[in-house]
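Colleague: Got a structure for you, written out below as C-alpha cells; questions coming shortly.
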Amino acid sequence: MTFDNILTDDLIEKYTSKGFWLNKTLGDYLDAAVKKYPDKTAILDRKGGTTYIDLGRFVFRFAIFLLELGIKKNDIVSVQLPGWSEFNIIHFALSKIGVVTNPIPPYYRQKELKYFLTKAGSVALIIPDIFKGTSYPDMIREILPELPDLKHIIVVGNNVPDKMIPFQETIKENQKNCYPPDYLDQFRPNPNDLHVLMFTSGTEAKPKGVLHTHNTYTNATLNIVKPLGITCDDVFFMAAPVTHTTGIRFGVRLPMMMGAKVVLQEIFNPEDAIRLISQEKCTLSVGATPFLDGFTRASNLNEMDISSFRVFGCGGAPIPRDLVKKGKKKLGCRVLAGFGSTESPSQTFNRLGDPMEKILETDGYPLKGVNIKILDENGKELPIHQAGEAACRGPQLFVGYYKEPEITRAAFSEDGYFLTGDLCVLDQDGYLKVTGRKKDIIIRGGLNISAGEIENILQTHPDIGQVAIIGMPDPRLGERVCAYIVAEQGKTISIKDVTRFLTKKEVAIIKFPERVELVEKLPMTPSGKVRKNLLRKDILRKIEF
C-alpha cells in the first residue's frame, strides 16, 4: 500500500541537514534503551513492572508473530487499548517492521469504530477483552460482517472468544521457531515512511486520518525534552489515553526514548494518581487541564509526599490561568503550558526558565525549528498583539490526511504553512497566546468533538426540527457539549430523549450533550448559518459553576 503525502526530497533534505530529523526509527531507540538499561523498569501498569530487557523480548516476539501472520510493511493495524503496557509493546513491535499504528481511544463504539476501520483498511485490530464493563469482542462482532479488510482480531485479557487471538500467547517464548536476534533488522523501515495514522475531529463532521512519519513524530516527541529538562532519571506519570496524541507521545514513546520509567493509569482517579506519584516518586506528567485540576482537588493530597513531582506540562484545552497558579501552590511543581494538535504536536511550550508572567499569561514559545505566523481572514500576516489564525511550519508537522488529498491541500497556505484553525496572538517576545478557535469543535477534557457530527446525527431525530451544538465552559473539563434544539411543532424533547437516541446510534458517550436548551428558533445569519457566537453568549449567562 502506498500513501499520498506532502513529503518532498527538498523537505527531507532541509530538516535532515538542520538536525531536526535524526533518521532514527522508534525501533532504533528501543534497541538502544534495552542495551543501556536492561534491568531498569520501563513501564509500570495495573499488572506490575516490565523491565527494558523484557520489553525488548516481548516486542521481538510480537513482531515475529505479526510477520508469521502475514502482516507486512505499510499494512495498518488498529489498536484500541487503555493505558496498559501491552499498548507500548504493540506500538514498538509494529514500528519495528514498518507497520502503521492506528490508535483508537477505548471510548469509541461501533459507529466510530466501523468508520475508522473501514477508512484505514485495517488488516488487524487489537482490543481488550473487557474494559469499564464493555465487552470489546462482542462490540466488534456486531460490525465484523461490514469490515472485509479486517483479517485478524487480537484480544488482550483472559476472555478470548473462538477465532480471536489471545495476545498473551503471541509474546510467549516459542521454542519451535528460533530466530536470530538481528532477524528484524531486514524489516527496519525508512525513517520517512508512514508510521502513525491517528484519526481526529475538526470542522468536517467526519474524522480525518492524520499521517506522521518516524521523523515527524520523533521530533514532535523529543522537542519538549529541553524546555522541560527531561532526563533518563525522570519518572513519567501518564493518565491520558495512550491512544491520544498526548498519551502516545509522552506516556509511550518519550519515556522509552529517554531510557526513563513511566507509570500508566488506565482510568484516571485523582486520589490513586497522587498515591502512585508519591509511591513511585514520579517527577513529571503531561496532560490536559482536567488531569491537573484533578490533582489539585485530590482528597489525599496533603497526606502524600509528592515532593519528587517537579513539572506538569499542560495542553489540549484552554488553560485557566488561575489553575496554573493553583497547580504551583498545591502541587509544588511548575505548570508549563503548551499548544499543539494531532497534526502539529507541541508547536509551543513554556520553558522551565521562563519568567512567571510568561508562564501565567501565554501558551509558550515556539519550539526549536517551528515557525509560527498569525494571519488575517485574507491570509495576510498580522503584526504582534493582533489576533488571527495561527499558521505553522516545522519538523513536527504531519505529512497529510489519509486518502484526503484535497483536504490536505486546503489545510496549507501557498508557502507551506499549516492553517491550525486556532485564533492566537504573538507578543513582542515571540510568545503565543491562544484566544479562541476558528474551527467548530468542542474540546472536552483535551479531546476534540466535532459539533457537526453530533448535529448531523440529532437532525435525524423525528422530534427535532433544528439543532446547534456548542461548547459550554466548564471549570474542570474546559468545555462540555450543549445542544440548542428547536423541536418539531407540537413536540418536546429532553436530555434523556437525546441520550437514548445517541445511545441507539452507538455514539461515544463522551460526545453526548450534557445540557439541552429548547428554543423557538436559532439565531441565523443572512446566509443561513447559525450564529453560534450568540448561543455561546446565551449559555454563559445561564450556567452556574
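Under this note's numbering, think of the first position of the sequence shown as 26, with each following residue one higher. Ideal placement from N, C-alpha and C gives every residue a C-beta, glycine not left out. Because the structure is a prediction, the values reported are computed rather than measured.
Looking at T387: is its Cβ nearer than 8 Å to the Cβ of D452?
Modeller: Yes. Within cutoff.
Colleague: For the alpha helix (DSSP H) that R501 lies in, which residues bound it at each end?
Modeller: Counting along the chain, R501 falls outside any alpha helix (DSSP H), and DSSP gives it neither H nor E.
Colleague: Specify the secondary structure class of Q421 as computed by DSSP and reduced to three states.
Modeller: Here Q421 sits in coil by DSSP.
Colleague: By Cβ distance, which residues of its chain are closer than 7 Å to K621, with the 5 residues on each side in sequence left out?
Modeller: The structure shown does not extend to residue 621, since the chain spans only 26 to 570, so no value can be given for it.
Colleague: Taking only the alpha-carbon atoms, compute the straight-line gap between I397 and G441 and give it to the nearest angstrom.
Modeller: Going from the Cα of I397 to the Cα of G441 covers about 12 Å.
Colleague: Given this structure, state the Cα-to-Cα distance separating A285 from T41, to the nearest angstrom.
Modeller: Straight-line Cα distance between these residues: approximately 26 Å.
Colleague: Tell me whether F570 sits in a helix, a strand or coil according to DSSP, three-state version.
Modeller: Summary for F570: the model assigns pLDDT 49, below 50, so the residue's position carries little reliability, and this model does not support an answer.
Colleague: Would you tell me roughly how many angstroms separate the C-alpha atoms of P20 and G455, rounded to the nearest one?
Modeller: Outside the displayed range of the chain (26 to 570) lies residue 20, so it cannot be described from this structure.
Colleague: Identify every run of the alpha helix (DSSP H) within the stretch 477 to 551, keeping only runs that are complete inside it and at least 4 residues long; order them along the chain.
Modeller: Segments of the alpha helix (DSSP H) lying fully in the stretch 477 to 551: 520 to 529.
Colleague: Verify whether the separation of the beta carbon atoms of L279 and T246 is less than 8 Å.
Modeller: Cβ atoms of L279 and T246: closer than 8 Å.
Colleague: Run the CB neighbour count on S519, radius 10 Å, all protein chains shown included, and call it buried at 16 or more, exposed below.
Modeller: The residue in question, S519, is exposed, as its Cβ has fewer than 16 Cβ neighbours within 10 Å.
Colleague: Rounded to whole angstroms, what is the Cα-Cα separation between R346 and V450?
Modeller: Approximately 16 Å, taken between the alpha carbons.
Colleague: Check for me: the beta strand (DSSP E) holding K458 runs from which residue to which?
Modeller: Looking at the DSSP string, the run of the beta strand (DSSP E) that includes K458 is 457 to 462.
Colleague: From the DSSP output, which residues share a beta bridge with C576?
Modeller: Nothing about residue 576 can be reported from this structure: the residues present for the chain run from 26 to 570 only.
Colleague: Which residues bound the alpha helix (DSSP H) around D56?
Modeller: Where D56 is concerned, the enclosing alpha helix (DSSP H) stretches over 51 to 61.
Colleague: Could you tell me the boundaries of the beta strand (DSSP E) in which G446 lies?
Modeller: Element bounds for G446: 443 to 451.
Colleague: On the CB-based measure, 16 or more other CB atoms within 10 Å of its CB, does A435 come out buried or exposed?
Modeller: Exposed, since its Cβ has fewer than 16 Cβ neighbours within 10 Å.
Colleague: Let me check understanding here. Comparing Cα to Cα, which of D100, S371, M282 lies closest to I62?
Modeller: Before going on, a small fix: residue 62 reads as Tyr here, not Ile. Per the Cα distances, M282.
Colleague: Around the Cβ of G363, are there at least 16 other Cβ atoms within 10 angstroms (buried) or fewer (exposed)?
Modeller: Buried is the call here.
Colleague: Can you tell me whether D70 is helix, strand or coil according to DSSP?
Modeller: Strand, per DSSP.
Colleague: Would you call G158 buried or exposed, if buried means 16 or more other Cβ atoms sit within 10 Å of its Cβ?
Modeller: With fewer than 16 other Cβ atoms within 10 Å, it is exposed.
Colleague: Are I494 and K530 touching if we call contact CB-CB under 8 Å?
Modeller: In this structure, K530 does not lie closer than 8 Å to I494 by Cβ.
Colleague: Could you give the C-beta distance for L317 and G352, rounded to a whole number, given that I count them as a contact under 8 Å?
Modeller: Indeed they touch by this definition, with Cβ atoms about 5 Å apart.
Colleague: Among G477, T445, K350, V555, whose alpha-carbon lies nearest the alpha-carbon of R462?
Modeller: Per the Cα distances, T445.
Colleague: With a Cβ-Cβ cutoff of 8 Å, do L356 and A412 count as a contact?
Modeller: Taking 8 Å as the Cβ cut-off, L356 and A412 do not qualify as a contacting pair.
Colleague: Helix, strand or coil for F374, going by three-state DSSP, please let me know.
Modeller: Here F374 sits in strand by DSSP.
Colleague: Using DSSP bridges, identify the partner residues of G312.
Modeller: In DSSP, G312 forms a bridge with C339.
Colleague: Pick helix, strand or coil for G227, following the three-state DSSP scheme.
Modeller: Unreliable positioning characterises G227 in this predicted model, as indicated by a pLDDT of 44, which lies under 50. The coordinate reading is nonetheless provided below. Coil at G227, not helix or strand.
Colleague: Counting Cβ pairs closer than 8 Å, one from the stretch 307 to 314 and one from the stretch 88 to 104, do we hit at least three?
Modeller: Contact fails: fewer than three Cβ-Cβ distances are below 8 Å.
Colleague: Entirely within the stretch 276 to 336 and at least 4 residues each: give me those alpha helix (DSSP H) ranges in chain order.
Modeller: Segments of the alpha helix (DSSP H) lying fully in the stretch 276 to 336: 279 to 283, 295 to 305, 314 to 322.
Colleague: On the three-state DSSP scale, how would you describe I397?
Modeller: DSSP places I397 in strand when its eight states are reduced to three.
Colleague: Please determine, among D379, K557, L236, L385, the residue with the shortest C-alpha to C-alpha distance to Q421.
Modeller: Of the candidates D379, K557, L236, L385, the one whose C-alpha sits nearest the C-alpha of Q421 is L236.
Colleague: Helix or strand or just coil, what does DSSP make of R359?
Modeller: Strand at R359.
Colleague: Please confirm if the stretch 251 to 258 is in contact with the stretch 73 to 91, defined as three or more CB-CB distances below 8 Å between the two stretches.
Modeller: They do not touch, by the three-pair rule.
Colleague: Measuring alpha carbon to alpha carbon, tell me which of K516, K536, G182, R501 ends up nearest C507.
Modeller: Ranking K516, K536, G182, R501 by Cα distance to C507 puts K536 first.
Colleague: Contact check, L175 vs L142 under 8 Å by CB: the rounded distance?
Modeller: With 8 Å as the limit, L175 and L142 qualify as a contact, their Cβ atoms being about 6 Å apart.
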